Amino acid sequence: MNQDDLASLRTKFGRFDWEERRALLEAMVLLLFAAPLVRFLPLALIGRIAAAGPFGKAPATTDRTEVLTWMVAWAVDRAAKRSPLRALCFEQGLAAQIMLRRRGIDSTLFYGVMPASGTSRPIRAHVWIETERFPVIGDPEPGGFALLATWPQGRRAVWAQCRS
1 MNQDDLASLR TKFGRFDWEE RRALLEAMVL LLFAAPLVRF LPLALIGRIA
51 AAGPFGKAPA TTDRTEVLTW MVAWAVDRAA KRSPLRALCF EQGLAAQIML
101 RRRGIDSTLF YGVMPASGTS RPIRAHVWIE TERFPVIGDP EPGGFALLAT
151 WPQGRRAVWA QCRS
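Letter 56 of the sequence shown, counting from 1, is numbered 56 in my numbering, and no numbers are missing.
1. Determine the extent of the alpha helix (DSSP H) in which W151 is found, giving its start and end residues.
2. Quick check: what's the CA-CA separation for A87 versus G138?
3. CB-CB under 8 Å to D5, same chain, minus the five flanking residues each way: which ones, in chain order?
4. Pull up the distance between the alpha-carbon of T150 and that of D17, whole angstroms please.
5. With a cut-off of 8 Å, do at least 3 Cβ pairs link the segment 64-75 to the segment 34-45?
6. Determine the closest residue to E66 out of E130, A95, A52 and R156, with distance taken between C-alpha atoms.
7. Taking the alpha-carbon of L31 as reference, which of R48, R102 and C89 has the nearest alpha-carbon?
8. Any chance you could list the beta strand (DSSP E) runs of at least 3 consecutive residues sitting entirely within the segment 102-139, in chain order?
9. Looking only at its own chain, which residues have a Cβ that is under 6 Å from the Cβ of L9, when we skip the five neighbours before and after it?
10. Along the chain, where does the alpha helix (DSSP H) that runs through F40 open and close?
11. Of all the options V113, L100 and H126, which has the alpha carbon lying nearest to the alpha carbon of E132?
12. Identify, in the order they occur along the chain, each residue of the same chain with its Cβ nearer than 7 Å to the Cβ of V113, setting aside the five sequence neighbours on each side.
13. Which residues does DSSP pair with C162 in a beta bridge?
14. According to DSSP, is A58 part of a helix, a strand, or is it coil?
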């Protein structure tokens, strides 16, 4: 990275307020942390990590919860686009789940599959995050993923179209 690239990065980063900067840095770190977890740990252990918490104090108002949720979604999406490691739906979902739960926002990580039609891949897997109010990360396209797991366990998807 040359001096012009660093100056440009500082200028872009400076447009955000401190809370947004912290969220963006947190998302970058969590995505770097999530990539090897998803690749090397068993799904059950990843699920326990995703279901931990909420361990932050819940936001005082519904409006504040919405602002924090949208900020987490924004930060994870923006960091994923710039991540040097793999940052697909599973890594993004894990990072968003941890960030939301740290902020005291109850959320659910969903893991589902859909048979692919007409392609060489037999199935498609997808991870997404929902709160009770709206989808956060990885909102699946219509067509219905069959849910394999949710963390915390036993939750139902509210916003995604899922097959039972």
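Ideal Cβ positions, reconstructed from N, Cα and C, are used throughout, including at glycine.
Everything numeric in this text was worked out from a predicted model, so none of it was measured.
Straight from the coordinates:
1. For the purposes of this step, residue 151 is taken as residue 151 along the sequence shown, with counting starting at 1. Note, W151: premise wrong, no alpha helix (DSSP H); beta strand (DSSP E) at F145 to W151.
2. Within the sequence shown, the letter at position 87 stands for residue 87. Within the sequence shown, the letter at position 138 stands for residue 138. Each residue's alpha carbon lies about 12 Å from the other.
3. Here residue 5 refers to the residue found at position 5 when the sequence shown is read from its first residue. The predicted position of D5 is uncertain, since its pLDDT is 46 and thus under 50; no value can be drawn from it.
4. If you number the sequence shown from 1, residue 150 lands on position 150. If you number the sequence shown from 1, residue 17 lands on position 17. Cα-Cα distance, rounded: 34 Å.
5. When C-beta atoms of the segment 64-75 are compared with those of the segment 34-45, fewer than three pairs fall below 8 Å, so the two segments do not count as touching.
6. By 1-based counting over the sequence shown, the position of residue 66 is 66. For E66, the nearest C-alpha among the options comes from E130.
7. For the purposes of this step, residue 31 is taken as the residue at position 31 of the sequence shown. L31 has its Cα closest to that of C89, out of R48, R102 and C89.
8. 108-115, 123-130 and 135-137
9. Numbered from its first residue, the sequence shown carries residue 9 at position 9. With a pLDDT of 48 at L9, under the threshold of 50, the modelled position of this residue cannot be trusted; read the value that follows with caution. For L9, where only same-chain residues beyond five positions count, there are no Cβ hits under 6 Å.
10. Counting from 1 along the sequence shown, the entry for residue 40 is found at position 40. Per DSSP, F40 belongs to the alpha helix (DSSP H) from W18 to F40.
11. For the purposes of this step, residue 132 is taken as residue 132 along the sequence shown, with counting starting at 1. Per the Cα distances, L100.
12. Residue mapping note: residue 113 aligns to position 113 of the sequence shown, counting from 1. I123, R124, A125, F145, A146 and L148, listed in sequence order.
13. As a first step, residue 162 is located in the sequence shown; it is residue number 162 there, counting from the start. DSSP output for C162 lists F145 as bridge partner(s).
14. The sequence position of residue 58 within the sequence shown is 58, counting from 1. Coil at A58, not helix or strand.
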